[in-house]
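Novice: I'd like to ask you about the structure that follows.
2 protein chains.
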Amino acid sequence: MSDAEQTRQNILSVAADEIHQHGYKATSLSVILNRCEISKGALYHHFTSKMELGYAVFEEVYTPMFLGVWQSPLSVEDPIEGLCDFLTTMTEEMSCSEVVCGCPLNNLCEEMANVDEGFRLRILSMQEQLNQLIVEALEKVSENLRAELAFSQVGYFIVAALNGATSLSKSSRNKALFQQVIAELCLYIRALKK
Amino acid sequence: MSDAEQTRQNILSVAADEIHQHGYKATSLSVILNRCEISKGALYHHFTSKMELGYAVFEEVYTPMFLGVWQSPLSVEDPIEGLCDFLTTMTEEMSCSEVVCGCPLNNLCEEMANVDEGFRLRILSMQEQLNQLIVEALEKVSENLRAELAFSQVGYFIVAALNGATSLSKSSRNKALFQQVIAELCLYIRALKK
DNA sequence: ATAATAACCAACCGCTCGGTATGTTGCAAG
DNA sequence: CTTGCAACATACCGAGCGGTTGGTTATTAT
Chain A
1 MSDAEQTRQN ILSVAADEIH QHGYKATSLS VILNRCEISK GALYHHFTSK
51 MELGYAVFEE VYTPMFLGVW QSPLSVEDPI EGLCDFLTTM TEEMSCSEVV
101 CGCPLNNLCE EMANVDEGFR LRILSMQEQL NQLIVEALEK VSENLRAELA
151 FSQVGYFIVA ALNGATSLSK SSRNKALFQQ VIAELCLYIR ALKK
Chain B
1001 MSDAEQTRQN ILSVAADEIH QHGYKATSLS VILNRCEISK GALYHHFTSK
1051 MELGYAVFEE VYTPMFLGVW QSPLSVEDPI EGLCDFLTTM TEEMSCSEVV
1101 CGCPLNNLCE EMANVDEGFR LRILSMQEQL NQLIVEALEK VSENLRAELA
1151 FSQVGYFIVA ALNGATSLSK SSRNKALFQQ VIAELCLYIR ALKK
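Protein chains in written order, with our numbering: chain A, 1 to 194; chain B, 1001 to 1194.
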């Protein structure tokens, strides 16, 4: 990787971390510059504006990360159990600070969807892709599931409950509440089976 | 009501609206001043800082509103149906822009819980009160519910799903997704019955 | 070897923000 | 009648922000 590309990737990675921790608006370019030990000129050579940097973080960091994380648990033989295992393992392995930090996608959705159309459309697309993954997984084992289910609706419900769980744990600064909601979510998911 | 108290209430009401629409940080004092047609001196006569104004909005506007909204559907004979009716009626009656605007409590939780301890504790208290309302309602009809339920966990799950539903509708700018998640949530709630 | 361009730096700009200092008005008690 | 304080108004401050400008160094193509 060329030096320039290295610089760019470093900016993206640091920006992704800052945006995850403090949100897009509260992320200061000067902090990114300090952490990367570069000048403002360097940053503006690689990105035309803060907004473009935000979009790049979304597309080049968050999106591949997200698809990667969700694909594996849904690709197993029994996606219902795969999903539940994934959720419980995640709650167990995540540090308290990670839980409190929330999901990058949900954070950006709350912060930016009503403010910037570029972010909104990217978030929407990501959510639809994620929902599609769940729907396909459910369809794969539909013969083992209750008959009256609306898969897309179920998929969005699962995502909603998960996002709500992270939101709740932000006020309690505690994994306990998060774990409870995930536990209840797993009960719901397992009850999808016949 | 005295003129001064009138001014104070006006500030609170306008600030509550601005914070609901744009969040706490993005709410500019100058906008509040313009809408209220008062000077900065007037605002700082009634509130010592923007933070204190935010706390006052939470305690004097959001809290009573919230408790009022949730108490009625949970106080009826069958709180399960009361809750489902409440949720579906809400989705039907809320305008699209209201849905997209989100829940003030959840918005503040996402924005401020990780940033300011004063907000965090107030939000936490409000969520616990809300959960308590649900738990008490469930206990009231526990003989009609499935035996193995953990009421507190169920309460938080319901709140989480609801919050997640508003989050999802922010990216779609659409009531449809919100309605779907609420519909699935009602299926879950009704399935709490034996 | 040199010209051109990529990659980067330092200094500065305008703007908005929350907050403050000082001044003015009006009512109400003594 | 005046003294005093509540209830405002006006003007200003410093800080931090995203972004721009003009210049410098390093790399690459001819």
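C-beta: ideal position from N, C-alpha, C; glycine also.
#1: What residues in its chain sit with their C-beta under 8 Å from that of leucine 168/A, if we drop five residues either side in the sequence?
#2: Measuring straight from C-alpha to C-alpha, what distance separates threonine 1007/B and proline 1073/B?
#3: For alanine 1191/B, count neighbouring C-beta atoms within 10 Å of its own C-beta (all shown protein chains included) and say buried if the count is 16 or more, exposed if not.
#4: Of the residues that make up the stretch 1095-1110 of chain B, which ones have a beta carbon closer than 8 Å to any beta carbon in chain A?
#5: Pull up the distance between the alpha-carbon of glutamate 37/A and that of serine 1002/B, whole angstroms please.
#6: Using a Cβ-Cβ distance under 7 Å, would asparagine 1163/B count as near chain A?
#7: Determine which residues of the stretch 124-153 of chain A have a Cβ less than 8 Å from any Cβ of chain B, and write them out in chain order.
#8: Anyone know if the C-beta pair for valine 1100/B and lysine 1170/B falls short of 7 Å?
#9: Give the residues of chain A in contact with glutamate 1184/B, contact being defined as C-beta atoms less than 7 Å apart.
#10: Quick check: the Cα distance between glutamine 1132/B and arginine 1120/B, rounded to an integer number of angstroms?
#11: Which one of Leu1083/B, Lys1040/B, Lys1050/B and Met1065/B has the shortest CA to CA distance from threonine 1027/B?
#12: May I ask you to report which of helix, strand or coil DSSP gives leucine 1192/B?
#13: Pick helix, strand or coil for leucine 1145/B, following the three-state DSSP scheme.
#14: Nearest-angstrom Cα distance between aspartate 78/A and alanine 160/A?
#15: I'd like to know if arginine 122/A contacts chain B, where contact means its C-beta is closer than 7 Å to some C-beta of that chain.
#16: State the start and end residues of the unbroken alpha helix (DSSP H) segment that holds aspartate 3/A.
#17: If we cut at 7 Å on Cβ distances, does valine 57/A have a partner in chain B?
#18: Could you round the C-beta distance between glycine 164/A and asparagine 1163/B to whole angstroms and report it? I think they count as a contact, below 8 Å.
#19: Give me the Cβ distance between tyrosine 1055/B and glycine 1118/B, rounded to the nearest whole Å; I'm assuming they're in contact under 8 Å.
#20: Between the alpha carbons of methionine 1090/B and lysine 40/A, how many angstroms are there, rounded?
#21: What three-state label does DSSP hand serine 1049/B in the structure shown?
#22: List the residues of chain B whose Cβ lies closer than 7 Å to the Cβ of alanine 113/A, in chain order.
#23: Could you tell me if the beta carbon of leucine 33/A falls within a distance shorter than 6 Å of some heavy atom in the ligand ZN?
#24: Exposed or buried, which one is glutamate 1184/B when buried takes at least 16 other CB atoms within 10 Å?
#25: According to DSSP, simplified to helix, strand and coil, what is methionine 1094/B?
#26: Answer yes or no: does any C-beta atom of chain B fall closer than 7 Å to that of tyrosine 188/A?
#27: Please work out which residues of its chain come closer than 8 Å, Cβ to Cβ, to serine 152/A, disregarding the five sequence neighbours upstream and downstream, and give them in chain order.
#28: Go ahead and pull the three-state DSSP assignment for serine 125/A.
#29: So the candidates are Leu33/A, Cys103/A and Ser95/A; which of them puts its Cα closest to the Cα of glycine 23/A?
#30: Would you kindly work out how many angstroms separate the C-alpha atoms of alanine 4/A and histidine 45/A, rounded to a whole number?
#31: Taking the C-alpha atoms as reference points, what is the distance between proline 1064/B and leucine 1087/B?
#32: So, using beta-carbon positions, are leucine 108/A and isoleucine 123/A closer together than 7 Å?
#33: Going by beta carbon distance, what residues of the same chain come within less than 7 Å of arginine 173/A, once the five residues before and after it are set aside?
#34: Give a yes or no on whether 7 Å exceeds the smallest Cβ distance from serine 167/A to chain B.
#35: Taking 7 Å as the CB-CB cut-off, is alanine 943/B touching chain A?
#36: Report the three-state DSSP secondary structure of asparagine 205/A (helix, strand or coil).
Specialist: Looking at the coordinates:
#1: For leucine 168/A, where only same-chain residues beyond five positions count, the Cβ hits under 8 Å are Leu177, Phe178 and Val181.
#2: Between threonine 1007/B and proline 1073/B, the C-alpha separation is close to 33 Å.
#3: Classification of alanine 1191/B: exposed, given that the 10 Å Cβ count is below 16.
#4: Listed in sequence order: Val1100, Cys1101, Gly1102, Asn1106, Asn1107, Cys1109 and Glu1110.
#5: Going from the Cα of glutamate 37/A to the Cα of serine 1002/B covers about 57 Å.
#6: At a cut-off of 7 Å between beta carbons, asparagine 1163/B contacts chain A.
#7: If the cut-off is 8 Å between Cβ atoms, the stretch 124-153 of chain A has Leu124, Gln127, Ala150, Ser152 and Gln153 near chain B.
#8: Yes, the pair counts as a contact, with Cβ atoms nearer than the cut-off.
#9: Near glutamate 1184/B (Cβ distances below 7 Å), the residues of chain A are Gln153, Val154 and Phe157.
#10: In this structure, the CA atom of glutamine 1132/B is about 18 Å from the CA atom of arginine 1120/B.
#11: Sorting Leu1083/B, Lys1040/B, Lys1050/B and Met1065/B by C-alpha distance to the C-alpha of threonine 1027/B places Lys1050/B at the top.
#12: DSSP places leucine 1192/B in coil when its eight states are reduced to three.
#13: Three-state DSSP puts leucine 1145/B in a strand.
#14: C-alpha separation (whole angstroms): 22 Å.
#15: Not an interface residue.
#16: Unbroken alpha helix (DSSP H) run through aspartate 3/A: 3-22.
#17: Closer than 7 Å: no.
#18: For glycine 164/A against asparagine 1163/B, the beta-carbon gap comes to about 4 Å, under 8 Å, which counts as contact.
#19: The pair is a contact, with the Cβ atoms about 6 Å apart (cut-off 8 Å).
#20: Cα to Cα, methionine 1090/B sits roughly 48 Å from lysine 40/A.
#21: In the structure shown, serine 1049/B sits in coil (DSSP, three-state: anything other than H, G, I, E or B).
#22: From the beta-carbon of alanine 113/A, the residues of chain B found nearer than 7 Å are Lys1170 and Ser1171.
#23: Among the components of this structure there are no ligands whatsoever, and the ligand ZN is therefore not found.
#24: Around the beta carbon of glutamate 1184/B, 16 or more other beta carbons lie within 10 angstroms, which makes this residue buried.
#25: Of the three classes helix, strand and coil, the one that applies to methionine 1094/B here is coil, per DSSP.
#26: Yes, contact with chain B.
#27: Counting only Cβ-Cβ distances below 8 Å, and skipping sequence neighbours, we find Asn131 and Val135.
#28: Here serine 125/A sits in helix by DSSP.
#29: Among Leu33/A, Cys103/A and Ser95/A, the Cα nearest to that of glycine 23/A is on Cys103/A.
#30: Per the coordinates, the alpha-carbon of alanine 4/A lies some 10 Å from the alpha-carbon of histidine 45/A.
#31: For proline 1064/B and leucine 1087/B, the distance between alpha carbons rounds to 19 Å.
#32: It is a contact, given that the beta carbons lie within the stated cut-off.
#33: Its chain contains Val100 as the residues whose beta carbon lies nearer than 7 Å to that of arginine 173/A, once the 5 sequence neighbours on both sides are disregarded; these appear in chain order.
#34: Residue-level contact by beta carbon holds for serine 167/A and chain B, with a gap shorter than 7 Å.
#35: Within the shown structure, residues of chain B are numbered from 1001 to 1194, placing residue 943/B beyond reach of any answer.
#36: There is simply no residue 205/A to check, as chain A begins at 1 and stops at 194 in what is shown.
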